[in-house]
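**Student:**
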Amino acid sequence: MVSQAAAPAHTATPPVAAPEMSHRQIMEALTGLLAAFFTAILSSTIVANALPTIMSDLHGTQTDFAWVITAALLANAATTPIWGKLADLFNKKVLVQLSIVIFVAGSVMAGLSETIPLLLGARVIQGIAMGGLTALAQAIIGTMIPPRNRGKYSGYMGAVMAVGTAGGPLLGGFIVDSPLGWRWTFFVCVPLAVVALILLQVTLRIQHVRRPAKIDWLGSILLTTGVSLLLIWVSFAGNPDYYDWISWQSALMVGGGVLLLALLVLVESKVEQPIIPLKIISERTTALAILASVAVGVAMFGSSTFLGQYFQVARGATPTEAGLLTLPMIAGNLAGSVASGLLITRTGKWKGYLIAGSILLIGGLGLSGTMDHTTELWHAGVFTAVLGLGLGMLMQNLVLAVQNTVRASDIGSASASVAFFRSVGGAIGVSVLGAVLANRVSELATRGMAAAGIPVQGGSAGSSLDLAHMPEPVREIMRAAYGDATAEVFLISAAVAAVALVAVLFIKEQPLRRTVDIQPAPDAESTTPELAPAAR
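Counting from 0, one number per residue, gives the positions in the sequence shown under numbering that gives the first Met the number 0.
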């Protein structure tokens, strides 16, 4: 009896050891991790202001524009839960380094791409790596730092995200406007990734507890194919070059996607170690945080993707100028993330910041929905700053709320679940909003050309982003069409963001615990009193 009592006491020791790390030790451990995270964020944003040039050079359409973003987000979303499960089973440091290697391969392939399909394939590889970096960064922080102190360090991660998001469009704009050309927007991330790889090897030292490794491969396949099928459907439905919303193709794709996801739920309820842990995501806080994350993903990726396009195509800004014009949103994101993280660590209260962030997000998107091709640029700066402030207060803190409710052994899966649904929301947002924008641009362009007496062949107005080779009258009509149509993207995003506000209102605030792992107090009271003397 004594040995049985002593064993649990001994096995409970490792999770409690993490809070003993000093601030300096934690920051040293985070150096390489944040460098890797910065590289992933930079790679996803540096291409934003290069996309109009890339589409012109590779003869892409508005649908191609959206899918360059969607392909990476879809791969990110589909693989994030897999990386999260791997983080719970294998050495997290090795997994992060593997993510970086995959990322470098995708970046080189993207920079060498000569066609849109090849570029999309490279973006998929980049998305797989970004899914790993996102999920693993959250999981590693969760295994080192108690939730009560995690707000500050999540704030640092939010700051890195904001700097990478700000630096990406600026750096991308400079590169595109320089003799290097758009291909170097991909190549430039390679040396940064190598530096992050070296820093990780030197600075990141975390304890790895070996566990039996069982990967839910069937669940992974069902998840990836089900989500992919629905996203492909929503991207091309209603496009006259493909198929109608109500058609046999739509029925086949929607039916197949729903069937695959239904099978996923069945499989996840049966397997021992599911890729998406139903017990975790069905918990009230996690479920509501996931719902809010989907809405935030739609708002964040959907709006930010088309903001750079608005400044370049509708307002005639250069890629560098477009990067500068997005700074107000990035500054708001940085301020919201860092300030809320520090205040949460100081007070232990977090729900109020989620509510305030949701309100600011809705307000910023609603205000941005009033923009057209004649809006004063300083007005656009104010609107997007409010939008960024709301995003900064929401993104990392939703993950924090979830991590506070799960055991340390499940932090990887829980964090990855939130990131997964946020990326799914983003992929859906970019696909749907891209389709809405393309249809609205085509409608406005056709109307504008008819008013100017310019014939339109085959209803293809608005399908091309190669404005540089258009006659001046047509170019001006197209600029106005893009400027006016972008407002609809922001208004739809604002309506979706309202879902996030409703979700966070119903989240029950729980005090942030001061230990890395949940302490089994109820079980201890019911099962251990008689064993305590023996343990002593």
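Just so it is clear, CB atoms sit at the ideal spot from N, CA and C, and this is done for glycine as well.
(1) Could you give the first and the last residue of the continuous alpha helix (DSSP H) run that contains R182?
(2) Can you name, in chain order, every residue of its own chain whose Cβ lies under 6 angstroms from the Cβ of V440, other than the five neighbours on each side?
(3) So G167 and A47 are in contact, right, with Cβ under 8 angstroms, and what is the actual spacing, rounded?
(4) Excluding sequence positions up to five away, which residues of its chain have a Cβ less than 6 angstroms from the Cβ of A39?
(5) Using a Cβ distance threshold of 8 angstroms, determine whether the region 419-430 contacts the region 285-294, with at least three qualifying pairs required.
(6) Report buried or exposed for S339, applying the criterion of at least 16 other Cβ atoms within 10 angstroms of its Cβ.
(7) Cα separation between L388 and G428?
(8) Check whether the region 82-91 and the region 175-194 are in contact - that is, three or more C-beta pairs closer than 8 angstroms.
(9) Rounded to whole angstroms, what is the Cα-Cα separation between V103 and G120?
(10) Taking 8 angstroms as the threshold, find out whether the region 364-380 comes into contact with the region 487-498 through three or more Cβ pairs.
(11) Could you check if A450 is buried or exposed, using at least 16 other CB atoms within 10 Å of its CB as the buried criterion?
(12) Do T60 and S430 have their beta-carbon atoms positioned less than 8 angstroms apart in this structure?
(13) Just checking, does the region 304-321 make contact with the region 254-263 on the three C-beta pairs under 8 angstroms criterion?
(14) Output the residue ranges of the alpha helix (DSSP H) runs that lie fully inside the region 18-105 and measure 4 residues or longer, sorted by chain position.
(15) Hey, out of T30, L203, F505, whose CA is closest to A286's CA?
(16) Grab me the residues of G356's own chain with a C-beta within less than 6 angstroms of its C-beta, minus the 5 sequence neighbours each way, in chain order.
(17) For P273, which residues of its own chain have a beta-carbon under 7 angstroms away from its beta-carbon, when the five flanking residues on both sides are left out?
(18) Could you tell me whether the region 371-383 touches the region 300-317, using the rule of 3 or more Cβ pairs below 8 angstroms?
(19) Can you tell me which of the three DSSP states P309 falls into?
(20) In this structure, does DSSP put A451 in helix, strand or coil?
(21) Compare the beta carbon distance of I537 and Y352 with 8 angstroms and say whether it is the shorter of the two.
(22) For V297 and G171, which I take to be in contact (beta-carbon distance under 8 angstroms), what is that distance rounded to the nearest angstrom?
(23) Taking a contact to mean a Cβ-Cβ separation below 8 angstroms, would you say V67 touches L50 in this structure?
(24) Please state the DSSP three-state secondary structure of Y155.
(25) What does Y352 pair with, by DSSP beta-bridge criteria?
(26) Here's the rule: buried if 16 or more other CB atoms are within 10 angstroms of the residue's CB, otherwise exposed. What is R204?
(27) Could you check what DSSP says for Y241 in three-state terms: helix, strand or coil?
(28) With DSSP as the reference, label S525 as helix, strand or coil.
(29) Across which residues does DSSP place A418 in a beta bridge pair?
(30) Looking at Q248: is its Cβ nearer than 8 angstroms to the Cβ of T404?
(31) DSSP three-state label for A236, please.
(32) Would you identify the three-state DSSP class for G315, choosing helix, strand or coil?
(33) Note down, in chain order, each residue of its chain lying with its Cβ closer than 7 angstroms to the Cβ of V435, except the 5 sequence neighbours on either side.
**Tutor:** According to the structure shown:
(1) Start at 1 with the first residue of the sequence shown, and residue 182 comes out as number 183. Where R182 is concerned, there is no enclosing alpha helix (DSSP H), given that its DSSP letter is neither H nor E.
(2) The residue labelled residue 440 in the question sits at position 441 within the sequence shown. Only residues of its own chain outside the window of five on either side were considered, and among them G461, A480, Y481, A484 have a CB closer than 6 angstroms to the CB of V440, listed in chain order.
(3) Start at 1 with the first residue of the sequence shown, and residue 167 comes out as number 168. Start at 1 with the first residue of the sequence shown, and residue 47 comes out as number 48. Indeed, because the Cβ distance is near 7 angstroms, the residues count as touching under 8 angstroms.
(4) Counted from its first residue, the sequence shown places residue 39 at position 40. Cβ neighbours of A39 beyond the five flanking positions: M129, L132.
(5) In this structure the region 419-430 touches the region 285-294; the number of beta carbon pairs closer than 8 angstroms is three or more.
(6) Locating residue 339 in the sequence shown gives position 340, counting from the first residue. The residue in question, S339, is buried, as its Cβ has 16 or more Cβ neighbours within 10 Å.
(7) Stepping through the sequence shown from its first residue, residue 388 is reached at position 389. Stepping through the sequence shown from its first residue, residue 428 is reached at position 429. Taking the straight line joining both Cα atoms gives about 20 angstroms.
(8) At 8 angstroms Cβ cutoff, the stretches do not touch.
(9) Residue numbering aside, residue 103 sits at position 104 when the sequence shown is read from its first letter. Residue numbering aside, residue 120 sits at position 121 when the sequence shown is read from its first letter. Between V103 and G120, the C-alpha separation is close to 14 angstroms.
(10) Judged by Cβ distances under 8 angstroms, the region 364-380 makes contact with the region 487-498, as three or more pairs qualify.
(11) One-based indexing of the sequence shown puts residue 450 at position 451. A450 counts as exposed, since fewer than 16 other C-beta atoms from the protein chains shown sit within 10 angstroms of its C-beta.
(12) Reading the sequence shown from its first residue, position 431 is the one you call residue 430. Reading the sequence shown from its first residue, position 61 is the one you call residue 60. No.
(13) No, the region 304-321 is not in contact with the region 254-263.
(14) Listed in chain order, the complete alpha helix (DSSP H) runs (minimum 4 residues) inside the region 18-105 are 22-45, 50-56, 61-88.
(15) On the sequence shown, position 287 is the one that residue 286 refers to. Closest option to A286, Cα to Cα, is F505.
(16) Within the sequence shown, residue 356 is the residue found at index 357, counting from 1. Once the five neighbours on either side are set aside, the close Cβ partners of G356 are G389, M392, L393.
(17) Counted from its first residue, the sequence shown places residue 273 at position 274. The residues are D215, G218, E267.
(18) Pairwise C-beta distances place the region 371-383 in contact with the region 300-317, as three or more of them are shorter than 8 angstroms.
(19) Working through the sequence shown from its first residue, we reach residue 309 at position 310. Residue 309 is actually Tyr in this sequence, not Pro. When DSSP states are grouped into helix, strand and coil, Y309 belongs to the helix group.
(20) Counting from 1 along the sequence shown, the entry for residue 451 is found at position 452. Coil.
(21) In the structure displayed, the chain extends from 0 to 535; residue 537 sits before or after that span and is not available.
(22) The count along the sequence shown starts at 1 and reaches residue 297 at position 298. The count along the sequence shown starts at 1 and reaches residue 171 at position 172. About 23 angstroms; that fails the 8 angstroms criterion.
(23) Translated into positions along the sequence shown, residue 67 becomes position 68. Translated into positions along the sequence shown, residue 50 becomes position 51. Closer than 8 angstroms, so yes.
(24) Within the sequence shown, numbered from 1, the residue matching residue 155 stands at position 156. In the structure shown, the three-state DSSP call for Y155 is helix.
(25) Walking along the sequence shown from the start, residue 352 turns up at place 353. None; Y352 has no bridge partner.
(26) In the sequence shown, counting from the first residue as 1, residue 204 sits at position 205. By the Cβ-count criterion, R204 is exposed, with fewer than 16 other Cβ atoms from all chains shown falling within 10 Å of its own Cβ.
(27) The residue given as residue 241 occupies position 242 in the sequence shown. For Y241, the secondary structure class from DSSP, reduced to helix, strand or coil, is coil.
(28) If you number the sequence shown from 1, residue 525 lands on position 526. Its pLDDT being 44, under 50, S525 is placed unreliably by the model, and the measurement read from it follows with that caveat. S525: helix per DSSP, three-state reduction.
(29) Your numbering for residue 418 matches position 419 in the sequence shown. DSSP, once it has assigned bridges, lists no residue as partnering A418.
(30) Position 249 of the sequence shown, counting from 1, holds the residue named residue 248. Position 405 of the sequence shown, counting from 1, holds the residue named residue 404. No, the pair does not count as a contact, with Cβ atoms beyond the cut-off.
(31) Here residue 236 corresponds to residue number 237 of the sequence shown, with the count starting at 1. Residue state for A236 is assigned as strand, using DSSP reduced to three classes.
(32) As a first step, residue 315 must be located in the sequence shown, where it is residue number 316. Three-state result, G315: coil.
(33) The residue labelled residue 435 in the question sits at position 436 within the sequence shown. Cβ-Cβ distances below 7 angstroms link V435 to E487, V488, I491 in the same chain, with the five nearest sequence neighbours on each side left out; the list follows chain order.
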